[in-house]
Amino acid sequence: NANTEADLSPVRWFRLNSLKVQDDQVLKWFPSLELVEQFPGPKQIMKDKYVDGLYGVSPEYGSTLKKNKHYIEGEIILQDRASCFPAELLNPKSGWCVVDACAAPGNKTTHVASKLIHTGGSVIAFEKDPQRARILQNNLKLHGADQLVETRVQDFLAQTEDRNVKGLIVDPSCSGSGIYGRGNKAELDPERLIRLAAFQSKILKHALTTFPEAECVVYSTCSYHDVENEGVVCEVLQDEEIAQNWMLASRDEALPEWPRRGNRELFEEFNMDPSLAESLIRVERGTDGGIGFFAAKFVRKHYNTEPEW
Ligand code: SAM
115 NANTEADLSP
125 VRWFRLNSLK
135 VQDDQVLKWF
145 PSLELVEQFP
155 GPKQIMKDKY
165 VDGLYGVSPE
175 YGSTLKKNKH
185 YIEGEIILQD
195 RASCFPAELL
205 NPKSGWCVVD
215 ACAAPGNKTT
225 HVASKLIHTG
235 GSVIAFEKDP
245 QRARILQNNL
255 KLHGADQLVE
265 TRVQDFLAQT
275 EDRNVKGLIV
285 DPSCSGSGIY
295 GRGNKAELDP
305 ERLIRLAAFQ
315 SKILKHALTT
325 FPEAECVVYS
335 TCSYHDVENE
345 GVVCEVLQDE
355 EIAQNWMLAS
365 RDEALPEWPR
375 RGNRELFEEF
385 NMDPSLAESL
395 IRVERGTDGG
405 IGFFAAKFVR
415 KHYNTEPEW
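Residues 115 to 423 in the UniProt record's numbering are what the sequence shown lists, from first letter to last.
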């Protein structure tokens, strides 16, 4: 089938790699493209308003980018807009040590690293699959992130307490139902989804309980299935110890302008306040300009409550 589902995405996104390029010269690099504000046509380019340094082009133009010298040299990175949201949501403070718990191939790792450059901050990237870890390491090198990122080829679940870590990105394996070419509802085995959700909850709980100084944890999937998304968030917040220490960031702290928010029904099912769904990010495949996605931002309660005096 020549017309693969990948071609159906209305926009192809690429991110200027600020680890390698200081000034944004993207519009100069693509002089034949007209800057527009809506999803771009074949000779147009759009600058995204949610993610710094992110640009969208048409699928036709996007298919030429892999031959572009700025791509080959690692100065631009093909990364869907939604997949940039976790590092945006984490928004690490200067000097933070950030963990990427499930890192390969490393798009979110390099994105978060680019926010820490020149701040004294660093990233620890976990990847348990050695083959995927090699891909991760090659990408880190190509994108100029290898000095900032320490790769650990190990199971994140085996990581013990670490007081240096301030923020985490948790993007575990998922059904991928939000990705083009996957996720036909009828093809997805409900038992597999339940197994995936159990694994995702375990990884997220580990992130929320192993780093006593962590201030923020962002959980994400490229699935549209509630059970892997709001289901995991609600499940994790049922844990007393976690609920004592963590809460969902308010909408104001979680891409407030992004219009599509979480699914309220799941919170009702868990007897939780449905307005919490406003804190969550949903991205609908196609309609929202790329893959289907979900993201949740947890913040430590201690750091957000007003002092009592
Ligand atoms: N965050 C990546 C990115 O944006 O480029 C994509 C991550 S992919 C969805 C999930 C990755 O987590 C896979 O490479 C998988 O091998 C890895 N993984 C799964 N379980 C893990 C674990 N327990 N510890 C470390 N890595 C794990």
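Glycine is no exception: its CB is placed at the ideal position from the N, C-alpha and C atoms.
Beyond the five residues adjoining it in sequence on each side, H184 comes within less than 7 Å, by CB distance, of W143 and I190 in the same chain, given in chain order.
Taking a C-beta distance under 8 Å as the contact criterion, V332 and V263 do not qualify as a contact pair. For S287, the Cβ falls inside the 7 Å cut-off from some heavy atom of the ligand SAM.
Under the DSSP definition of a beta bridge, K161 partners with Y169. Note that the C-beta distance between G235 and G209 is below 8 Å. Secondary structure note for C216: it is in no alpha helix (DSSP H), with a DSSP letter that is neither H nor E. For R248, the enclosing alpha helix (DSSP H) stretches over residues P244 to L256. Rounded to whole angstroms, L141 and L149 show a C-alpha spacing of 8 Å.
Per DSSP, V125 is not a residue of any beta strand (DSSP E), being assigned neither H nor E.
Shortest gap from the CB of S172 to any heavy atom of the ligand SAM: 7 Å or more. When secondary structure is reduced to three states using DSSP, V150 falls in the strand class. At least one heavy atom of the ligand SAM lies less than 7 Å from the C-beta of S197. Cβ-Cβ separation between K280 and A328: approximately 6 Å, consistent with a contact (criterion under 8 Å).
Residue environment analysis places D303 among the exposed positions, since fewer than 16 neighbouring C-beta atoms fall within 10 angstroms of its C-beta.
The closest heavy atom of the ligand SAM lies 7 Å or more from the beta carbon of I238.
Membership of R266 in the beta strand (DSSP E) is indicated by the continuous run V263 to R266.
Where C330 is concerned, there is no enclosing alpha helix (DSSP H), although the beta strand (DSSP E) around it starts and stops at C330 to T335.
Between the C-alpha atoms of L380 and A391 there is a straight-line separation of about 9 Å. Going by beta carbons, V350 and L394 fall outside the 8 Å limit. The alpha carbon of E187 has as its nearest neighbour, out of L130, P219 and D214, the alpha carbon of L130.
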